[in-house]
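Participant: Please read through the structure below; I'll follow up with questions.
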Amino acid sequence: MTPALAATDSSAPTPADLSDKLVVNGQKMPVQSIGSTPMEGIFEVQLDSGETFYTDRSGQYLLVGSLYHNNGKRLVNLTEQAQNQQRHKAIMDIPDSEAVVFKPAGKVHSVLTVFTDTTCPYCQKLHHEVPELNKRGIEVRYLAFPRAGLHGEGARELRRVWCSDNRSEAFTAAIDGDLDQSSDDCDAPIAKQYQLGQQLGVQGTPAIVFPDGRMVPGYLPVDRLTAMINQESDSSSDSGQ
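The sequence shown begins at 19 in this note's numbering and counts up one residue at a time.
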C-alpha cells in the first residue's frame, strides 16, 4: 500500500516559514499545517478552512488539485488518502459524550459517523433505517450540522436534542416531529461540530463518514452502506492493514 502524504516532516518549512510568503491580495493565507510529499521540493499546505494545495519552498508557485502515485498497476490518489486520514482522526477525537450514539445490542462490527440535521428529510429517512443497521452490527454516531446555519430552526432543534437527558430518545422524537419544547440552555457542541463539518468538506446533510475516513454526501440505503463497509474491510485486508 502506498502511504498517504506525511502530516509533518522535519525538512518541510513550518507554517511560520511560509506565512509571509503565502499572501494573496495583501492577505496572509490562514495556514494550519505544512506536510511533505513524495515529490522533492513540493509541500502540502492545509488551510484553517480545510482546503489543501501544494507549493514549493518559496511559496511563489501553487498547485491546486490531487496528487496521484502511479504504482505501475493503478493510480493512487494520495491527496484523498491524506484527507481521509485527517478526517478519520478528527472524527475519532470526538468522544461519544458529545455525539448521539445508536449502538448495536451485540458486537460492533463497524461505525458510521453521520453529520445530520433532524429537519432534513433524507436524514429522517436514514434514521428510520438505523435499527436495521444496528441489527447488522453497525453503530451510528450522529454529529450536528444544521444545514441552515447556526441561527436556523435546525440548529435550535439540534440544541434541544443535545441538551436532553436522553439524547437518543430526543433525537428520534425530533426525527418523528414529536420533540417537546425542552430547554436548549446547555453547553451543546452544535457550533463546534458545525464548524468541524465545514472544515471536513460537509456541504449538506446527511454526510456519512466511513471508518477509513471516506465521506459520502447524501442518503444511502442500508444494503448499499453495508456493501461499502464490507468492501472497505476487504480492501484493508488485501493491503495488509
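Every residue, glycine too, gets a C-beta built ideally from N, C-alpha and C.
Keep in mind that this is a model prediction, so the values were computed, not measured.
#1: Thinking D230 and N102 are a contact (beta carbons under 8 Å), I'd like their distance in whole angstroms, please.
#2: To the nearest angstrom, how far is it from the Cα of Q55 to the Cα of L40?
#3: At a Cβ threshold of 9 Å, is V129 touching chain B?
#4: Spatial neighbours of P48 within its chain, please: C-beta separation below 8 Å, excluding the five flanking residues on both sides.
#5: Between which two residues does the beta strand (DSSP E) holding V49 run?
#6: Would a C-beta distance cut-off of 9 Å place A225 and G236 closer than the cut-off?
#7: Roughly how many angstroms separate the alpha carbons of Y212 and M110, rounded to a whole number?
#8: I want to know whether the stretch 152–168 touches the stretch 120–133 - three or more CB-CB distances under 8 Å.
#9: Skipping 5 residues on each side, what residues in its chain have a beta carbon closer than 6 Å to that of R232?
#10: When you compare only the Cα positions, how much space is there between P31 and K46?
#11: Looking at L151 and L85, is the spacing between their C-beta atoms short of 9 Å?
#12: If you check the beta carbons only, do C141 and I208 fall under 9 Å apart?
Facilitator: Once the coordinates are examined:
#1: 6 Å
#2: A small fix is needed here, since residue 55 is Thr in this sequence, not Gln. Looking at the two C-alpha atoms, the distance is approximately 18 Å.
#3: In summary, chain B is missing from the structure at hand, where a single protein chain is found.
#4: L65, D66 and S67
#5: V49 to S54
#6: Yes, the pair counts as a contact, with Cβ atoms nearer than the cut-off.
#7: If you take the alpha carbons of Y212 and M110, they lie about 16 Å apart.
#8: yes
#9: N102
#10: Computed Cα separation, rounded: 16 Å.
#11: no
#12: The Cβ atoms of C141 and I208 lie no closer than 9 Å to each other.
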